[in-house]
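In the numbering used here, the protein residues as written are 85 to 388.
Every residue, glycine too, gets a C-beta built ideally from N, C-alpha and C.
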Amino acid sequence: MFAAQSLLRSTVRQLLLQAAFCHVCLAFVLDVGAPRSGIQSTYEAFKILKLNTLWSGFFTDLRWPWCEYLFGNASGVSGPPPIGNLTGWEAALDEPFHLIYDEVLKAKPDTKFVYTTSHPDDWYNQYLEFFESYGINDNVTIYDRRKYYPGHDHGINRQTALRGRLHQTRSHFFPKLPGHPLKGTPGARWDLDEPRFMCEAAHYWGCRFSDRELAHKPEVRQRCINGYLNHEKRVIRTIPKEQLLIFNISDGWAPLCDFLGKPVPDVPFPHVDRFKVVHNDSSDAESSVALVQQEAVRIRRREL
85 MFAAQSLLRS
95 TVRQLLLQAA
105 FCHVCLAFVL
115 DVGAPRSGIQ
125 STYEAFKILK
135 LNTLWSGFFT
145 DLRWPWCEYL
155 FGNASGVSGP
165 PPIGNLTGWE
175 AALDEPFHLI
185 YDEVLKAKPD
195 TKFVYTTSHP
205 DDWYNQYLEF
215 FESYGINDNV
225 TIYDRRKYYP
235 GHDHGINRQT
245 ALRGRLHQTR
255 SHFFPKLPGH
265 PLKGTPGARW
275 DLDEPRFMCE
285 AAHYWGCRFS
295 DRELAHKPEV
305 RQRCINGYLN
315 HEKRVIRTIP
325 KEQLLIFNIS
335 DGWAPLCDFL
345 GKPVPDVPFP
355 HVDRFKVVHN
365 DSSDAESSVA
375 LVQQEAVRIR
385 RREL
């Protein structure tokens with residue numbers, strides 16, 4: 085009798101835990117749009133809709149495990165997807181989260197997906213402007229991310245250590261282009277600045293925005309746009325249509341709120357580009373970055 089009661093209590097506890105997890109699953113939203121396609125505006129919109137949102141650009145301790153999962157297996161070493169680091173969040177966006185829809189569909193089958201769309205040429209030109217206007221290159225960054233998020237250093241070091249253990253080189257991910265060898269030699273070891281390359285600025289699509297000469301080459305532009313279009317096609321082919329919203333931020337609140345089952349807010353739809361703020365006023369930049377960290381707080385497991 086005691087054993088039966090104990091088993092019943094254990095079963096009830098397990099069901100309650102599963103119900104709590106399923107609540108998170110049902111609430112989860114993944115943005116699968118390309119970076120620099122309205123991601124910052126979408127983040128602000130999610131925040132207004134009271135979705136606790138993981139933005140990878142500022143929570144890099146949760147970004148790097150996915151980078152390692154997606155791009156750290158060139159030597160045949162791979163592990164399970166780090167789905168656990170999405171626990172407690174209600175939405176996620178920006179690189180590399182837009183690439184993990186297969187894994188999220190499997191782990192959280194009721195997830196809703198938002199594809200923020202843009203014309204490929206407009207997207208490419210905007211990315212070019214972003215890099216050329218704000219001075220991103222090997223020696224200059226928009227802002228010192230370490231000032232706002234100390235864990236960024238740790239993330240880079242972890243990634244670097246992984247590359248070293250796997251004996252990876254630039255040549256795994258950066259193929260030579262005819263007549264224009266990339267910086268460094270094909271066999272060069274990844275240095276402290278390079279581990280982030282494959283996981284940002286759409287390098288995984290063959291884009292090379294950080295190299296101004298390469299970025300303007302027609303073959304590089306076309307390769308990058310092809311990667312963008314192939315991603316779009318696969319997103320539409322893979323995700324059930326009833327779970328996918330093709331969203332243009334110029335359409336405002338109505339389609340997004342209807343898709344997510346949320347009431348339309350009584351404020352205008354946000355149109356945000358924090359990097360312009362950073363470029364123009366460093367004091368505003370600090371407050372805006374701090375705001376991201378303060379208002380997107382990971383829910384503790386005991387609260388689920």
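Ordered along the chain, which non-local residues of its own chain (more than five positions away) have a Cβ less than 8 Å from that of residue i?
{"i": "Asp186", "result": "Thr322"}
{"i": "Asp350", "result": "none"}
{"i": "Val356", "result": "Gln124, Ser125, Tyr127, Glu128"}
Once you ignore the five residues that flank residue i on each side, which residues in its own chain have a CB closer than 7 Å to its CB?
{"i": "Tyr127", "result": "Thr137, Trp139, Leu177"}
{"i": "Ala129", "result": "Leu340, Phe353, Pro354"}
{"i": "Ala285", "result": "Cys291, Phe293, Ser294"}
{"i": "Leu135", "result": "Val113, Glu174, Ala175"}
{"i": "Thr225", "result": "Unreliable positioning characterises Thr225 in this predicted model, as indicated by a pLDDT of 38, which lies under 50. The coordinate reading is nonetheless provided below. Closer than 7 Å at the Cβ level, and outside the excluded window around Thr225, lies no residue."}
Considering only C-alpha positions, which residue in the set the options is nearest to residue i?
{"i": "Ala118", "options": "Pro347, Thr201, Phe215, Val304", "result": "Thr201"}
{"i": "Lys317", "options": "Pro204, Arg296, Leu212", "result": "Pro204"}
{"i": "Thr171", "options": "Gly290, Asp295, Ile123, Phe112", "result": "Phe112"}
{"i": "Cys283", "options": "Leu154, Tyr199, Leu313, Val348", "result": "Leu154"}
{"i": "Trp207", "options": "Leu135, Leu313, Ser217, Val356", "result": "Leu313"}
{"i": "Lys301", "options": "Leu183, His182, Leu212, Pro149", "result": "Leu212"}
{"i": "Ile320", "options": "Val198, Phe181, Ile123", "result": "Val198"}
{"i": "Val348", "options": "Ile132, Val116, Asn169", "result": "Ile132"}
Buried or exposed: residue i, going by 16 or more other Cβ atoms within 10 Å of its Cβ?
{"i": "Gln306", "result": "exposed"}
{"i": "Asp194", "result": "exposed"}
{"i": "Pro352", "result": "exposed"}
{"i": "Ser334", "result": "exposed"}
{"i": "Lys190", "result": "exposed"}
{"i": "Lys164", "result": "Here residue 164 turns out to be Pro, not Lys, going by the sequence shown. By the neighbour-count rule (16 or more Cβ atoms within 10 Å), Pro164 is not buried but exposed."}
{"i": "Gly345", "result": "exposed"}
{"i": "Glu179", "result": "buried"}
{"i": "Ala338", "result": "exposed"}
{"i": "Ser217", "result": "exposed"}
{"i": "His145", "result": "The displayed chain sequence assigns Asp, not His, to residue 145. It is exposed - the Cβ of Asp145 has fewer than 16 other Cβ atoms within 10 Å."}
{"i": "Ile184", "result": "buried"}
{"i": "Ala296", "result": "Residue identity check: residue 296 is Arg in the sequence provided, not Ala. Exposed."}
Could you pull out every residue in the same chain whose Cβ sits closer than 6 Å to the Cβ of residue i, ignoring the five residues on either side in sequence?
{"i": "Val304", "result": "Arg292, Leu298"}
{"i": "Phe343", "result": "Leu329"}
{"i": "Cys308", "result": "Trp289, Gly290, Cys291"}
{"i": "Ala380", "result": "Interpretation of Ala380 is limited by its pLDDT of 38, a score under 50 that renders its predicted location unreliable; the figure taken from the coordinates is listed afterwards. Cβ within range, chain order: Thr137."}
{"i": "Val188", "result": "Leu114, Thr195"}
{"i": "Gly122", "result": "Thr200, Ile333"}
Should residue i be flagged as near chain B, meaning a C-beta pair shorter than 8 Å?
{"i": "Arg296", "result": "Among the chains in the structure shown there is no chain B, since it carries only a single protein chain."}
My parser needs the beta strand (DSSP E) runs of 3 or more residues fully inside the stretch 294 to 353; what are they? 328 to 331
List, from N- to C-terminal side, the alpha helix (DSSP H) runs of 4 residues or more that fit wholly inside the stretch 125 to 182. 144 to 155
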